[in-house]
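**Q** If you read the sequence shown in full-length UniProt numbering, its first letter stands for residue 1, the second for the next number, and so on.
C-beta: ideal position from N, C-alpha, C; glycine also.
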Amino acid sequence: MHWMGHRVFLTHMVMWLVHIDYWGATLVAAG
């Protein structure tokens, strides 16, 4: 169960970073 929670955390973290990267690129392109 511990490794599964760790994997979920890493997946969430990667998705969060991709989300920030996406919005950052959008703001740069718009600005």
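(1) For chain D, check one thing: does any of its Cβ atoms lie closer than 8 Å to the Cβ of residue 19?
(2) Would you tell me roughly how many angstroms separate the C-alpha atoms of residue 25 and residue 16, rounded to the nearest one?
(3) Measure the C-alpha to C-alpha separation of residue 10 and residue 21 and round it to an integer number of angstroms.
**A** On the basis of the supplied data:
(1) Absent from the structure: chain D. Only one protein chain is present.
(2) Indexing the sequence shown from 1 puts residue 25 at position 25. Indexing the sequence shown from 1 puts residue 16 at position 16. Their backbone Cα atoms lie some 14 Å apart in a straight line.
(3) Indexing the sequence shown from 1 puts residue 10 at position 10. Indexing the sequence shown from 1 puts residue 21 at position 21. When rounded, the distance between both Cα atoms is 16 Å.
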